[in-house]
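Visitor:
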Amino acid sequence: MFTTANSILIIAALFDAAAAIAHLACLAIGGSAFRFLGAGERLAGEFEAGKIQPILVTILIAFILFSWSIFALSGAGVVALLPFTKWILMAVSIVLIIRALGFSLLKPYFPENSMKFWLISSGICFVMGIAHLYGVMSLWNQL
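Now the structure itself:
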């Protein structure tokens with residue numbers, strides 16, 4: 001039976017997948033997309049210079065986000081239950097919430113990002129983290 005928690009995990013999975021696609025879009029669009037998403041001037045410049053590191057970092061981040069999406073769908077019951085789903089979803093929740101609340105600690109490493117960027121991206125991470133947390137906590141005994 002689908003509940004609110006299942007629906008929220010499905011929405012969380014869509015957010016995860018959208019974030020992964022946005023990161024991969026940087027590879028197609030180029031340096032301006034890296035800058036827009038807050039990767040920083042260094043990474044954008046390296047991408048424009050043809051270096052491999054930004055490509056590998058972007059693919060790794062997209063892979064992680066897509067796997068979070070699959071685990072959220074697993075927790076929601078859309079796909080088969082994967083091993084350690086509840087623990088992985090709990091870890092995803094913690095990572096996202098820490099990223100959201102700890103942006104002031106990250107700001108010095110990305111000085112070119114505006115306060116608007118930090119507030120919007122942190123807000124998105126917070127909503128995603130709470131969605132994962134609500135879903136996993138509500139469905140804990142079923143996972």
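Those letters in the sequence shown? Residues 1 to 143, per the working numbering, in order.
Don't be surprised by glycine CBs; every beta carbon is placed ideally from N, CA and C.
Would a C-beta distance cut-off of 8 Å place V78 and I10 closer than the cut-off?
Guide: yes
Visitor: What's the call for R42, buried or exposed, on a 16-neighbour Cβ count within 10 Å?
Guide: With a threshold of 16 other beta carbon atoms within 10 Å, R42 falls short and is exposed.
Visitor: Just mark K86 as buried or exposed, buried being the case when its beta carbon has 16 or more other beta carbons within 10 Å.
Guide: buried
Visitor: Let me know if E112 comes out buried or exposed under the rule of 16 or more other beta-carbons within 10 Å of its beta-carbon.
Guide: exposed
Visitor: So the candidates are N141, I55, S7, S122; which of them puts its Cα closest to the Cα of I29?
Guide: The candidate whose alpha carbon is nearest that of I29 is I55.
Visitor: Over the uninterrupted alpha helix (DSSP H) stretch that includes K51, give me the two end residues.
Guide: Run containing K51: none; DSSP gives neither H nor E here.
Visitor: Suppose the cutoff is 7 Å on Cβ atoms and the five residues either side in sequence are ignored; what does the same chain contact list for Q53 look like?
Guide: Excluding residues up to 5 positions away in sequence, E46 lie with their Cβ nearer than 7 Å to the Cβ of Q53 in the same chain.
Visitor: Locate the alpha helix (DSSP H) running through F36, then write down its first and last residues.
Guide: 31-36
Visitor: Once DSSP output is grouped into helix, strand and coil, what is the label at N141?
Guide: Helix, per DSSP.
Visitor: Kindly give me the distance between the Cβ atoms of S93 and V136, rounded to whole angstroms, as I take these residues to be in contact under 8 Å.
Guide: 6 Å
Visitor: Let's see if you can read the secondary structure: which residues bound the alpha helix (DSSP H) around K86?
Guide: 85-101
Visitor: Can you round the beta-carbon distance between A5 and Y109 to whole angstroms, since I take them to be within the 8 Å contact cut?
Guide: Not quite, the Cβ-Cβ distance comes to about 35 Å (not below 8 Å), so this is no contact.
Visitor: Quick one: grab the DSSP three-state call for G129.
Guide: helix
Visitor: Closer than 8 Å by C-beta to G123: which residues in its own chain qualify, once you throw out the five before and the five after it? Chain order, please.
Guide: A100
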